[in-house]
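In the working numbering, the protein residues as written are 46 to 238.
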């Protein structure tokens with residue numbers, strides 16, 4: 046729920062500046078896009094979790110296959126998370142340095158912690174996730190046997206559900222950004238009427 050709330054806030058905040066960054070471009074545009082990507086990653090992870098739990102509860106996937114699904118989603122999302130996180134982190138450091146106010150310094154501190162944790166987590170978990178996914182889809186040292194039709198069906202389902210989660214994350218983010226942009230533009234234009 047917290048991840049969903051943070052993702053919603055990132056999308057809403059980006060939407061409030063969407064029209065402006067189309068015009069001014071530059072660093073503000075990069076920052077808004079980073080927020081949009083971060084939001085989509087967060088929503089995707091929430092949807093991936095729901096879909097994985099649902100597929101496992103309905104016995105479409107085994108717990109081992111569910112682990113492969115999480116690992117595949119992680120491998121797809123981690124580059125976007127680290128890239129957008131770096132942009133947001135750099136901006137918060139610059140902002141804290143320029144303003145030197147407690148709130149800005151606190152945000153920079155939190156973003157520094159979050160980015161360091163994400164990088165450490167990626168360094169720790171990516172090799173194992175990659176090994177898990179390649180072993181499942183390509184066969185590895187653990188699975189010298191031929192793949193059964195159940196494994197092939199599970200592989201197809203895993204890929205389909207990961208694509209659905211990514212699409213759901215992107216569409217949810219786009220809808221929130223568009224709604225926030227529309228409301229903000231209406232607020233601003235009604236001020237001048």
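The C-beta atom is built at its ideal place from N, Cα and C for all residues, glycine as well.
Through-space distance from residue j to residue i, alpha-carbon basis
i	j	result
residue 98	residue 46	15 angstroms
residue 101	residue 119	18 angstroms
residue 248	residue 152	The shown model of the chain, from 46 to 238, leaves out residue 248, and the question about it has no answer.
residue 79	residue 105	35 angstroms
residue 135	residue 141	10 angstroms
residue 174	residue 75	29 angstroms
residue 223	residue 137	25 angstroms
For residue j and residue i, believed in contact at Cβ under 8 angstroms, the rounded distance
i	j	result
residue 122	residue 167	About 10 angstroms separates the two Cβ atoms, so there is no contact after all.
residue 96	residue 206	5 angstroms
residue 180	residue 60	So it is not a contact: roughly 41 angstroms between Cβ atoms.
residue 133	residue 156	6 angstroms
Buried or exposed (CB count within 10 angstroms, at least 16 for buried), residue i
i	result
residue 211	buried
residue 158	exposed
residue 64	exposed
residue 139	exposed
residue 199	buried
residue 201	exposed
residue 147	exposed
Candidates the options, of which the one nearest residue i by Cα
i	options	result
residue 112	137, 93, 68	93
residue 203	173, 154, 109	109
Contacts around residue i, its chain only, beta-carbon distance under 6 angstroms, and the 5 residues preceding and following it disregarded
i	result
residue 130	160, 163
residue 73	66
residue 84	52, 55, 56, 218
residue 234	The predicted model places residue 234 with a pLDDT of 45, which falls under 50 and marks its position as unreliable, so this point remains unresolved.
residue 149	140, 141
Close Cβ partners of residue i (< 8 angstroms) along its chain, the five nearest in sequence each way excluded
i	result
residue 89	118, 122, 210, 211, 213, 214, 215
residue 48	87, 90, 91
Proximity test, residue i beta-carbon vs the ligand NAP heavy atom, cut-off 7 angstroms
i	result
residue 64	Annotation note on the ligand NAP: not contained in the displayed structure, which lists no ligands.
Residue i at chain B interface by Cβ criterion, 8 angstroms
i	result
residue 213	Structure shown: chain B not included; a single protein chain is present.
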